[in-house]
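Engineer: Mind looking over this structure? Questions follow.
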Amino acid sequence: MAVVLDYKKYAQKAREAGAEGIVLLENSNNVLPLVDQEIAVFGRTQYDTIYCGTGSGGLVNVPYVVSINEGLKEKYTLAEKVDETYRNWIKENPFDKGQGWAQTPFSQKEMDLCEDLLKETSENIDTAIFVIGRTAGEDKDFTLDKGSYYLSEKELKIIKDLRKHFKNLVVVVNSGNVIDLSWQEEVQADAIVFAWQGGSETGHSVVDVLSGDVNPSGKLPDTVLRDIKRHPAFKYFGRVEENLYEEDIYVGYRYFETLDQENVLYPFGYGLSYTEFEFEVLDSLVNVNPKADNYDINLQVRVNNIGNQSGKTVVQVYGSKPQGGLGNPIRELIAFKKTSEIPAGKSEDVNINIDLRDLKSYDDRLNSDTESCYILEAGEYKISAGFDVRSAKDIENIFLEDTIVLEQLTSRLSPQISFKRVKVVKAENGLELDYEDVPNRGYAEVPVLESDIKQTDAEFKLTDVISGEVDLDEFIAQFSDEDLLQMSYGNGMGPIGVTAGIAGAFGGVTERLLEAGILLYACADGPSGIRMDNGSMAFSIPNGTCLAASFNPEINQELFEFVGLECRKNNIDSLLGPGMNIHRYALCGRNFEYFSEDPLLTGVIADSQLIGMKKYNVLGTVKHFALNNQEYERVNSDSVVSERAAREIYLKPFEYIVRSGNAQSIMTSYNYINGLHAASNYDLNTAILRDEWGYDGVVMTDWWAELNDKPYSSSNKENVLPMIRAQNDLFMVTPSADRVSLEKVLEVSGKAEINRSELVRNAKNILNVIIKYSQAIHPLSVEVQNEPESNSDKIQVVDVYQDKEKVDINLADLSTDIGYTIQLLIENHTSGIFELRLDATSTAKDVAQTNIALSINNVPERTINFVGSERKQENIRLDLRQNLLNVVDMHFAESGIKINSAELVLLEEKNR
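So for the sequence shown, full-length UniProt numbering puts the first residue at 1; every next one is plus one.
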């Protein structure tokens, strides 16, 4: 029986999820919801709506994107002259995609507004909407420049002019990241709507909220500041060496609510509604008795809708710890619950269970009585609840007479250099900022497994393991060291044998492994929708920050059930997402892929997405493990962080999804962590992830990661031995694992032999995941309904008339921008074997990925991959005996490729 993937229902769920994450920040005099039948809409982003960020987390080949302008036109009459003026101007000023990978500008050129147009329009129309657009992404952080984090001078002038002329001003921010909103204190826009990037249905989601068809219930997953330069990470973000995490555990609201409340423009968890809510505590059951191992608190809260419209809200519960010897933020999120739609005048009772141990602290102090322990320090713990971090009211006070040791651990991920971190101390007027030295223990020696596992002469198939005839150890024992080494590589990009154009595959990556029945396990990029670089269509969903702003794990799970089905439809075993890195700083280019500055919100939302995909046996490969908080020089950047901050903030969401049991695939990050690359970091990938948290899944590198074996030693991606020892199971990717040589790896590493026990251990991790989650082993029939048609506007047809042995094909004037396809219609009057000879150059940088996906007569042929700035000359063999007219498609999934020359050459004449 087939499972149905209905794209109409998929689109509706994405539309709902996008609207649920939209945050209403201002709404003076109830300007929203819009009741005006005619409105004036300004800003080019209403047309060029930004549905997703850039880079591998956003390159989805979408069949359509509903622009904000299109959405509004379905509901309202738009000022005709304004609309016409913009459309004419945009014809002369098209959207600038940039040249090359990660080169799309942060913002687009805006049209000058004529004073006469403003006067004429505002005489008859009360309400103006101005749409601000921003984008960033992989390999491109925002900057503290106008037109990036700040408004451009023209944007600011437009807002001020609109404010002067129109009775009502509504500003819609279409951005994956928080941007500067401090201009609001001067401009006083009536309404500000933070719309994020809503995927294919962006325009519909935005208009659902503006019109009141959906009452906004999104809450800020990040703090919005007056002055970002007062952020404690300001002086370190963007550094390469010694990127000091001086703020320590005081990330986001933990810092600003504790030490700099005046700098908060909109607090964490904040978001308005078209109705009004209040809550009352019905009961508070405290069962905290450490001697009996009880730490439970149960809150029963009644949420009353005291306004005149139905709506949802989020009950947020915060905990406060005693300052003790460690020092702590004044509040941290420990639970939240989104209500259902509560009718006006009605109420809903919400039960929230809390474990006091969720307020534990990690003691990384040297020579402390509780060194390397998770503890509850003696003193007063406060539980508060409300609708954002600032307005939460105290509910319960719990006093612990003694410090309680919850877990004794071993020092891991300790800094290698000395630096100071923020320390909060008590003062006469409350709390004040101080600094203390960060404990520095250094990395412990990595234990070496005894290599006593021998190769056998058996010849088993993986099906023998699946049927239970042999165990996995017996199956693995038949492989040589070189076989097992090759299994520790993934093939890609666009590997042969799986869905065309995806990022990579692991498992049966060589002929020997395939002969033994090991299947290829297919991985595709996709935190915002599936990326297939061969031009195949996929649906684009709201970005990570938008989905986190919903504070709704249920709708995330429902949405990702559709994502899981779409993966099954495309024969994709694992989606490379969700992204789970903490929003340490607003300028990180990939914040749009990630969720929040808060680790609990991040963990809960990511977990719900994993659950959704696993319903259909699709894994999410969570990333980037860990401390990937900037894109600039991401491979060389060293995240210098204390053990406490690593555990309490940056690793905490990963711990959440591992302990829930829903994570079975993890991708490590590019950066160094205290001098060791994440991919070769034993403390990270074995000691903490597996030994402490009990993880039993697979770990892979990010694509073409660097590796090193000692803190601050030079890196070398060819020396995979430190990675294997760290139990990062897979190096992603290589063009073909068949070419991997044990002799070469040993030569590069300077070692005389490889540890077979480590290879066997890692192979078991890989094969266990394939056995449990491979679609070939667990087939599912998917019936597709209402699939949107692919966008054919970007197909450029070139007629190639073959009447001689060599034909030059002029492609110089054709676009190779993102999403475009060059289609060669080859009319061959000679039957035979030909070569299409391409000379192409990539303008990308670093480890950025660009490619050309080729198909012949609608059959995927190969993907020509470019890593960084590369020039390639490729010869593609064409058998042109079957048809007089043959079709060769060259699809460009990213911008940044230049075709230098192309020619069709007859190799051998053969009869049809």
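Glycine is no exception: its CB is placed at the ideal position from the N, C-alpha and C atoms.
DSSP three-state call for G490: helix, strand or coil?
Structural biologist: Residue state, collapsed to three classes: strand.
Engineer: When you compare each of P63, D296, Y7 and S56 to Y820 by their alpha carbons, which one comes out closest?
Structural biologist: The shortest C-alpha separation from Y820 is found at P63.
Engineer: Would you mind listing the beta strand (DSSP E) stretches within the stretch 872-902 that are 3+ residues and don't spill past its ends, in chain order?
Structural biologist: 885-892, all fully within the stretch 872-902.
Engineer: Since Y435 is in the beta strand (DSSP E), which residue starts that stretch and which ends it?
Structural biologist: Note, Y435: beta strand (DSSP E), G430 to D437.
Engineer: Pair every Cβ in the stretch 50-61 with every Cβ in the stretch 239-254, then say whether three or more of these pairs are closer than 8 Å.
Structural biologist: Judged by Cβ distances under 8 Å, the stretch 50-61 makes no contact with the stretch 239-254, as fewer than three pairs qualify.
Engineer: Between Q796 and L825, is the Cβ-Cβ spacing less than 8 Å?
Structural biologist: No. Outside cutoff.
Engineer: I'd like the list of long-range same chain contacts for G386, defined as Cβ closer than 7 Å, with 5 residues on each side in sequence excluded.
Structural biologist: So the qualifying residues of the chain are Q316, A392 and K393.
Engineer: Under DSSP, the alpha helix (DSSP H) around G544 begins and ends at which residues?
Structural biologist: Its alpha helix (DSSP H) spans residues G544 to A549.
Engineer: Excluding the five sequence neighbours on either side, which residues of its own chain have a C-beta within less than 6 Å of the C-beta of D464, listed in chain order?
Structural biologist: The answer, listed in chain order, is V470.
Engineer: Grab me the residues of L651's own chain with a C-beta within less than 6 Å of its C-beta, minus the 5 sequence neighbours each way, in chain order.
Structural biologist: Excluding sequence neighbours, L651 sits near A626.
Engineer: If you draw a straight line from the alpha carbon of R862 to that of Q486, how long is it in whole angstroms?
Structural biologist: About 22 Å.
Engineer: Closer than 8 Å by C-beta to N340: which residues in its own chain qualify, once you throw out the five before and the five after it? Chain order, please.
Structural biologist: The displayed chain sequence assigns Ser, not Asn, to residue 340. Here the set comprises K312 and E348.
Engineer: Taking 8 Å as the limit between beta carbons, can you name the residues of its chain near A505, skipping five residues before and five after?
Structural biologist: Once the five neighbours on either side are set aside, the close Cβ partners of A505 are G490, N491, G492, P495, G497, V498, L520, Y521, A522 and C523.
Engineer: Among L376, V171, K420 and E515, which one has its Cα closest to the Cα of F399?
Structural biologist: Of the candidates L376, V171, K420 and E515, the one whose C-alpha sits nearest the C-alpha of F399 is L376.
Engineer: Ordered along the chain, which non-local residues of its own chain (more than five positions away) have a Cβ less than 7 Å from that of V867?
Structural biologist: W704, V847 and Q849, listed in sequence order.
Engineer: Which runs of the alpha helix (DSSP H), 4 residues or longer, sit entirely within the stretch 611-677?
Structural biologist: List check, alpha helix (DSSP H) in window: 652-659.
Engineer: Roughly how many angstroms lie between the CA atoms of V286 and Q323, to the nearest whole one?
Structural biologist: Rounded to whole angstroms, V286 to Q323 spans 22 Å at the Cα level.
Engineer: Rounded C-beta distance between V698 and N685? I'm assuming under 8 Å.
Structural biologist: 11 Å between Cβ atoms; not a contact.
Engineer: Put E246 into one of helix, strand or coil per three-state DSSP.
Structural biologist: Residue state, collapsed to three classes: coil.
Engineer: Taking the alpha carbon of L878 as the reference point, which residue from N900, I897, V888 and F834 has its own alpha carbon closest?
Structural biologist: Checking every option, the nearest Cα to that of L878 belongs to F834.
Engineer: What span of residues does the alpha helix (DSSP H) with F560 cover, start to end?
Structural biologist: Here the alpha helix (DSSP H) through F560 covers P553 to K569.
Engineer: Pairs of beta-carbons, one from the stretch 550-557 and one from the stretch 598-606, closer than 8 Å: are there three or more?
Structural biologist: Counting Cβ pairs under 8 Å, three or more are found: they touch.
Engineer: I'd like to check one pair, D388 with G252: are the Cβ atoms closer than 8 Å?
Structural biologist: Going by C-beta atoms, G252 is not nearer than 8 Å to D388.
Engineer: Beta-carbon separation of V405 and L259 under 8 Å?
Structural biologist: Not closer than 8 Å, so no.
Engineer: Rounded to whole angstroms, what's the CA-CA distance from P232 to I864? Just pull it up for me.
Structural biologist: Distance between the alpha carbons of P232 and I864 is about 44 Å.
Engineer: Please specify which runs of the beta strand (DSSP E), each continuous and at least 3 residues long, are wholly inside the stretch 22-71, giving them in chain order.
Structural biologist: For the stretch 22-71, whole beta strand (DSSP E) runs of length 3 or above, ordered along the chain, are 23-27 and 38-42.
Engineer: Quick check on the burial criterion: 16 or more other C-beta atoms within 10 angstroms. Buried or exposed for G430?
Structural biologist: Exposed, since its Cβ has fewer than 16 Cβ neighbours within 10 Å.
Engineer: At the level of alpha carbons, what is the spacing between K420 and S211?
Structural biologist: Going by the C-alpha atoms only, they are around 50 Å apart.
Engineer: Near N875, what residues of its chain come up, given a Cβ to Cβ distance below 7 Å and the 5 sequence neighbours on each side ignored?
Structural biologist: Contacts found: E835 and R837.
Engineer: Given 8 Å as the limit, is there contact between the stretch 365-383 and the stretch 199-217, that is, 3 or more CB pairs closer than that?
Structural biologist: Touching, no.
Engineer: DSSP puts A335 in a beta bridge; with which residues?
Structural biologist: Paired residues: V317.
Engineer: Short check: CB of T621 to CB of I673, under 8 Å?
Structural biologist: No, Cβ-Cβ distance for T621 and I673 is not below 8 Å.
Engineer: Around the C-beta of V784, are 16 or more other C-beta atoms found within 10 angstroms, so that it is buried, or is it exposed?
Structural biologist: It is exposed - the Cβ of V784 has fewer than 16 other Cβ atoms within 10 Å.
Engineer: Which residue's Cα is closest to the Cα of K910: K898, N828 and F892?
Structural biologist: The shortest C-alpha separation from K910 is found at N828.
Engineer: Helix or strand or just coil, what does DSSP make of K806?
Structural biologist: It is a strand residue.
Engineer: By alpha-carbon positions, which one of G468, L162 and A646 ends up nearest to I249?
Structural biologist: That would be A646, whose Cα lies nearest to the Cα of I249.
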